[in-house]
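Accompanying notes for the structure given below.
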Amino acid sequence: MFVGHYKDVPEKDTGFEGVTIRWLVSPKLGAKNFAMRYFVLKKGAEIPIHQHDWEHEIFILKGEGIITNGKEEYHVKPGNFLYVPPNEPHGYKALTDTLEFLCLIPAKKEAIPEDEW
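According to my numbering, the sequence shown is numbered sequentially starting from 1.
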């Protein structure tokens, strides 16, 4: 078992302005099936619409934002959860000072950076 605190995990740049990620659980800890990530988007920051061949499970912790699949937009706030199926386009935008959420993905080589293995 491993118990940690998210603030003890380094924030990493995502390549998108105003967006950081903390890899809370990954294969580096021994996770074989899932990875858990903590995203923070500053107000106005976006992760553009993209897609992958793996699913996402997301839980909104703090702030408000827009989640889109390119056809529909959903206003999300703390307590909302999302399931994004494999290959479905998805993008995010923060509407408040920060939008913070957990995102779980399968522990697949193509989904997780080398330094988290």
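We treat Cβ as the ideally placed atom computed from N, Cα and C, and that holds for glycine.
Discussion item. Helix, strand or coil, according to DSSP, for A111 in the structure here?
Written reply: The three-state reading of DSSP puts A111 in helix, counting H, G and I together.
Tell me which residue opens and which closes the beta strand (DSSP E) that L65 is part of. The sequence as given places Gly at residue 65; Leu does not occur at that position. Per DSSP, the continuous beta strand (DSSP E) segment holding G65 begins and ends at 65 to 68.
Point to revise | Three-way DSSP call (helix, strand, coil) for P27 in this model | key: It is helical.
Problem - Alpha carbon of E73 to alpha carbon of L41, nearest angstrom - result: The alpha-carbon atoms of E73 and L41 are separated by roughly 17 Å.
Leaving out five residues on either side along the sequence, give the residues of the same chain with a beta carbon under 7 Å from the beta carbon of D53. Closer than 7 Å at the Cβ level, and outside the excluded window around D53, lie P86, N87.
What did DSSP end up calling D53 once you bin it into helix, strand or coil?
Assignment of D53 by DSSP, reduced to helix, strand and coil, places it in the coil class.
Exposed or buried, W117, counting other C-beta atoms within 10 Å across all chains shown (16 or more means buried)? Under this definition W117 is an exposed residue.
Subject >> Neighbourhood of G70 by C-beta, 7 Å cutoff - its chain only, sequence neighbours within 5 removed >> reply: The answer, listed in chain order, is I49, P89.
DSSP-derived helix/strand/coil call for D8
Three-state DSSP puts D8 in a helix.
Do A35 and V25 count as a contact pair if the criterion is CB distance below 9 Å? Going by beta carbons, V25 and A35 fall inside the 9 Å limit.
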